[in-house]
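First up is the structure itself, then whatever we jot down about it.
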Amino acid sequence: ALLMGEAASADGCASIAGAVLELSEQGWTLLVSYAFERRYGWSESADGDDDRAMDSLDNRSKKKINEALEQLLCWLKEHALARPIFQAFVVVAPASQKPVVRQRCYLHMLDWMKRQANSDDFGARVSELEDLMQKAVISALTDVWSATRKVCAQRFKAMGQLLTLEHLHGFFRTLLDAWNESEVSWKAKEGILLGLAAVIAQFSQIDTNGADAPKDQQACIMMRLRFGLEELDALPSFITQHLKPLLFGALAHPQLSVRENAAKAFSSYLSRTPLHETHVC
């Protein structure tokens, strides 16, 4: 009745919501898979009897189903971050054969995290789900579809300020581990570089009026960076100790797009590095 747009009483809606919250882990996986495959899979070619049957629906019926599924997905974004639901997204997103479905799943997860950032227990929720969140981000950034890698990197960059420095360290470490895996395609390396650049971008430079100093003294001026409400004297050691060797190697990669993204990440890194690290005072 919900998916066909039929009216339901307030008690009926509450009953449905209660039943949904009682779903098992497998139940959540099936629900998330159906919701995204049906909502965003219309544009993809049919690959089964069920798909062909759904494609035969008239536009009015499709519209009703889409509207009902939009309500469900909006409701899920308002729900507190929970492991069974997040686990379902982590399983469903990379498993879909439809690029649009994968992308929408990843974006839903990132938007869901951002939407819940104002909750009092957001930090605790992130700590509880950190392994799944890291897995989701890596999966999104290493997707075979270029459009998905790029848009997810932008969303990851936008939500970076919602994380603590410790949580950001965890994402950075996960990106490094993914890079160092034995078999990593150039597409995955491109996405990982986008993710590393997004991490670096979380640190904004505080103007210290160093440009007004004599040229022979500019290299000795200390740089100040801001991360959220914190002020730092330099980029965290977890970045400075590991990033340069990775980027130097990426600059020698045979794939042009990997080299280009490595150069952009390096430029972002250098712009947040004190001049005295590369100049003699």
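Residue numbers (our numbering): 7 to 287. C-beta atoms are modelled at their ideal positions from N, C-alpha and C, and glycine is treated no differently.
Just reading off the beta strand (DSSP E) that residue i is part of, what are its end residues?
i: S210; result: S210 to I212
i: R232; result: R230 to F233
i: L82; result: First-last for L82: N65 to E84, but that is the alpha helix (DSSP H), not the beta strand (DSSP E).
i: L253; result: Not the beta strand (DSSP E): L253 falls in the alpha helix (DSSP H), residues L249 to A256.
i: L169; result: Looking at the DSSP string, L169 is not in any beta strand (DSSP E), and its letter there is neither H nor E.
i: L238; result: E236 to L238
Could you check the C-alpha separation between residue i and residue j for me, to the nearest Å?
i: P280; j: A130; result: 34 Å
i: A225; j: R155; result: Residue placement at A225 cannot be trusted, given a pLDDT of 49 that sits under 50; the coordinates are not used to answer.
i: G47; j: Y40; result: 10 Å
i: I198; j: A268; result: 10 Å
i: S3; j: A204; result: Since the first and last residues shown for the chain are 7 and 287, residue 3 lies out of range.
i: M165; j: S102; result: 25 Å
i: L238; j: L174; result: 15 Å
i: E266; j: E43; result: 34 Å
i: A94; j: M229; result: 43 Å
i: T246; j: S210; result: 16 Å
i: F92; j: A194; result: 23 Å
i: F177; j: L78; result: 29 Å
i: L262; j: E187; result: 21 Å
i: K250; j: E134; result: 31 Å
i: R110; j: A146; result: 10 Å
i: M115; j: K270; result: 27 Å
Please classify residue i: is it buried, with 16 or more other beta-carbons within 10 angstroms of its beta-carbon, or exposed?
i: V150; result: exposed
i: D55; result: Only weak support exists for where D55 lies, its pLDDT of 49 falling under 50; the coordinates are left without a value.
i: A258; result: exposed
i: I301; result: Nothing can be reported for residue 301, as the shown portion of the chain is limited to 7 through 287.
i: W81; result: exposed
i: R66; result: exposed
i: L235; result: exposed
i: E189; result: exposed
i: I212; result: exposed
i: Q32; result: exposed
i: S277; result: exposed
i: Q140; result: buried
What are the boundary residues of the alpha helix (DSSP H) that residue i is part of?
i: L200; result: W192 to I206
i: L113; result: P105 to R121
i: E187; result: That residue, E187, is in no alpha helix (DSSP H); it is neither H nor E in DSSP.
i: L29; result: Run containing L29: none; DSSP gives neither H nor E here.
i: T154; result: S152 to M165
i: L87; result: Counting along the chain, L87 falls outside any alpha helix (DSSP H), and DSSP gives it neither H nor E.
i: L138; result: F128 to L147
Taking the Cβ atom as the reference point for each residue, do residue i and residue j lie within a distance shorter than 9 Å?
i: L231; j: C158; result: no
i: I144; j: T180; result: yes
i: A86; j: A142; result: no
i: F254; j: G201; result: no
i: W192; j: P105; result: no
i: N69; j: D117; result: As written in the sequence, residue 69 is Lys, which differs from the Asn given in the question. Not in contact: K69 and D117 (Cβ atoms no closer than 9 Å).
i: F233; j: L168; result: no
i: T148; j: A184; result: yes
Considering only the alpha carbon of each residue, which of the options lies closest to residue i?
i: V96; options: L138, D127 and K193; result: L138
i: L37; options: S67, N65, F128 and L75; result: L75
i: L241; options: K270, F92, P251 and S274; result: S274
i: H248; options: G33, F272 and Q32; result: F272
i: A153; options: K250, E196, P90 and Q122; result: E196
i: R108; options: R45, S263 and E73; result: R45
i: N125; options: A88, E172 and R110; result: The amino acid occupying residue 125 in the given sequence is Ser; Asn does not appear at that position. The residue with the shortest Cα to Cα distance from S125 is A88.
Does at least one heavy atom of the ligand SAH sit under 8 Å from the Cβ of residue i?
i: L257; result: The ligand SAH is absent from the structure shown, which contains no ligand whatsoever.
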